[in-house]
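Trainee:
Numbering (the numbering used here), first residue to last: 1 to 556.
Following this line, the structure appears as structure tokens:
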């Protein structure tokens, strides 16, 4: 079989104007970025204000494993399958970051015969959103250091500046740096550091804003530092929120592309799925809902992180009501949760599967707590035995959940027709009674305890002394009445990556608590989260090249 990039390069794309026309967009509604991609005007939401929304379908997964689950591939394949059934459908995805593209992962926008295209453009710069976010973030950083240099009227404590610089590339050398060296003319020396752009709070704000003015208001609330008396200092105190919003005026507009099968796809925003909420933008999702009968979207990592944040953060702020959730699982990944080593995953092992499948069971249970109907997509591999596949189907049947064998990577839309039928049947016959898990006005510890017990299956939460002090500080400044965004390992329901399947008898340990006040959530860290990744020993960049005719090789 061809590589992903070879498949993408052989695609017969339609001009993006034609894709836009399919979903009712006029010439004035789009700005072209070449022949095959465009930005969509936010005026579409105003013009479609009286139109009813389509059905929102979330694609999530079991806890990730080295075996891979194929969540994005299933998302794209399901959209193509609904399109093949003549349904009016739009796929809404996140934008890739250049860091992972050139790092371990390489480029990706789905896979096999379930991809969004133009794949090279989407992975490399796209329409410049990442660069706009980088510039906006770093304008605020420049304003902070300039304020220190120009007399520091706000009495900012340079030891407590909490807003960092960013760049959209993996570069471990920039994690911890010193700025302001070289004498008086260069400002005051202080410790600083870089994060990758997708970890920026500006990115999270972009994805949780409901309008340009909402974005500007959220930017004004960003906590940048504390003063010498310990009081918070916000972006609005530096009076640069307007300039930052100005830099974001185009980036806030969603991007329209297409799949290999010419299904419309809106790709916009890509916040970290750990210290942020890991979903594409609210605006992209809302526009898709206005222009389609079915919108397919996804959330980062497994359902315990991605779906929980999608429901409790994104849906809360966007006033969204999901109609159905698809949980992606594979035989291989479930066997990994059952204790099988990666090199042995191709060997049939129903006994290990029977242990690992409890992870899927817990994720199904979690989704039902939000009142949303569930369908399981079994992403099929050629090494899966019929006995193993049957075991998963029977397990889901006992839980009253439909399961579908999905082969979209190999067969495109044809491999997702059964999944599409089961999703449609579920939406038609099971009413979504969506509700968030907790009231954001509760105390921080109360909210976290609900998430830990209900979603992770923990016996409770313990806090180190530093976290206790940070919680008290947030409560003192009334920065605590926000949803919780937990940063923990994605590999386990617990905060210990070694505890696979469905662990029990554990508590999660909170090591740090901080507020993303502009984005509108409280980040609770249960371990060290790497916000500036490094390149591996053999980065994906080493296998990439461009030929004399401009064709790209080795991207994925």
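Just so you know, even glycine gets a beta-carbon here, dropped at the ideal spot from N, CA and C.
(1) Of the choices 395, 14, 201, 387, whose alpha-carbon is the least far from that of residue 269?
(2) Contact defined as beta carbons within less than 8 angstroms: I believe residue 558 pairs with residue 40. What is the distance between those atoms, to the nearest angstrom?
(3) Please check the pair residue 109 and residue 96, which I expect to be a contact at CB under 8 angstroms, by giving their CB distance rounded to whole angstroms.
(4) Tell me which same chain residues have a C-beta within less than 8 angstroms of the C-beta of residue 50, skipping the five on either side of it?
(5) Return the chain-ordered ranges of every beta strand (DSSP E) run that is complete within the segment 300–363 and spans a minimum of 3 residues.
(6) Give a yes or no on whether the C-beta atoms belonging to residue 90 and residue 266 are separated by under 8 angstroms.
(7) Answer with buried or exposed for residue 272, where buried requires no fewer than 16 other C-beta atoms within 10 angstroms of its C-beta.
(8) In the structure shown, what three-state DSSP assignment does residue 521 receive?
(9) Just the Cα atoms here: how many angstroms apart are residue 391 and residue 367?
(10) Which class does residue 511 belong to by DSSP, given the choice of helix, strand or coil?
(11) Since residue 204 is in the alpha helix (DSSP H), which residue starts that stretch and which ends it?
(12) Below 8 angstroms on the Cβ atoms is my guess for residue 294 versus residue 54; work out the distance and round it to an integer in Å.
(13) Could you have a look at residue 115 and say whether DSSP puts it in helix, strand or coil?
(14) So what's residue 194 in DSSP terms, helix, strand or just coil?
(15) When you compare only the Cα positions, how much space is there between residue 343 and residue 526?
(16) Which residues bound the alpha helix (DSSP H) around residue 532?
(17) How many angstroms separate the CA atom of residue 280 from the CA atom of residue 143?
(18) Taking the continuous beta strand (DSSP E) assigned at residue 403, which residues delimit it?
(19) Applying the 10 Å Cβ sphere with the 16-neighbour rule, what's the burial state of residue 66?
(20) Put residue 26 into one of helix, strand or coil per three-state DSSP.
(21) Report the option in 520, 394, 487 whose CA atom is closest to the CA atom of residue 529.
(22) According to DSSP, residue 375 sits in a beta bridge with which residue or residues?
(23) Which whole-angstrom value is the C-beta distance of residue 207 and residue 327, which I expect to be below 8 angstroms?
(24) By how many angstroms is the C-alpha of residue 385 removed from the C-alpha of residue 165?
(25) Could you give the C-beta distance for residue 78 and residue 419, rounded to a whole number, given that I count them as a contact under 8 angstroms?
(26) Excluding the five sequence neighbours on either side, which residues of its own chain have a C-beta within less than 6 angstroms of the C-beta of residue 141, listed in chain order?
(27) Can you check which of these residues, 351, 259, 198, 239, is closest to residue 153 by C-alpha distance?
(28) From residue 306 to residue 532, what does the alpha carbon distance come to, in whole angstroms?
(29) Of the choices 543, 504, 523, whose alpha-carbon is the least far from that of residue 511?
(30) Which runs of the alpha helix (DSSP H) at least 4 residues long sit entirely within the segment 385–457? Give them in chain order.
(31) Taking its Cβ as the centre, do 16 or more other Cβ atoms sit within 10 Å of residue 546, making it buried, or is it exposed?
(32) Is residue 66 helix, strand or coil by DSSP?
(33) Under 8 angstroms between the Cβ atoms of residue 211 and residue 42?
(34) Which residue wins for smallest C-alpha separation from residue 52, given the options 290, 444, 554?
(35) Are the segment 216–231 and the segment 5–17 touching by the rule of at least three beta carbon pairs closer than 8 angstroms?
(36) How many angstroms separate the CA atom of residue 138 from the CA atom of residue 179?
Mentor: So, from the listed chains and residues:
(1) 201
(2) Absent from the structure is residue 558, since the part of the chain shown begins at 1 and ends at 556.
(3) 6 angstroms
(4) none
(5) 322–329
(6) yes
(7) buried
(8) strand
(9) 21 angstroms
(10) coil
(11) 201–208
(12) 6 angstroms
(13) strand
(14) strand
(15) 30 angstroms
(16) Where residue 532 is concerned, there is no enclosing alpha helix (DSSP H), given that its DSSP letter is neither H nor E.
(17) 28 angstroms
(18) 402–406
(19) exposed
(20) coil
(21) 487
(22) 326, 402
(23) Residue 207 to residue 327, Cβ: 23 angstroms. No contact.
(24) 49 angstroms
(25) 6 angstroms
(26) 165
(27) 239
(28) 20 angstroms
(29) 523
(30) 386–398, 408–411, 417–429, 444–451
(31) exposed
(32) coil
(33) yes
(34) 290
(35) no
(36) 13 angstroms
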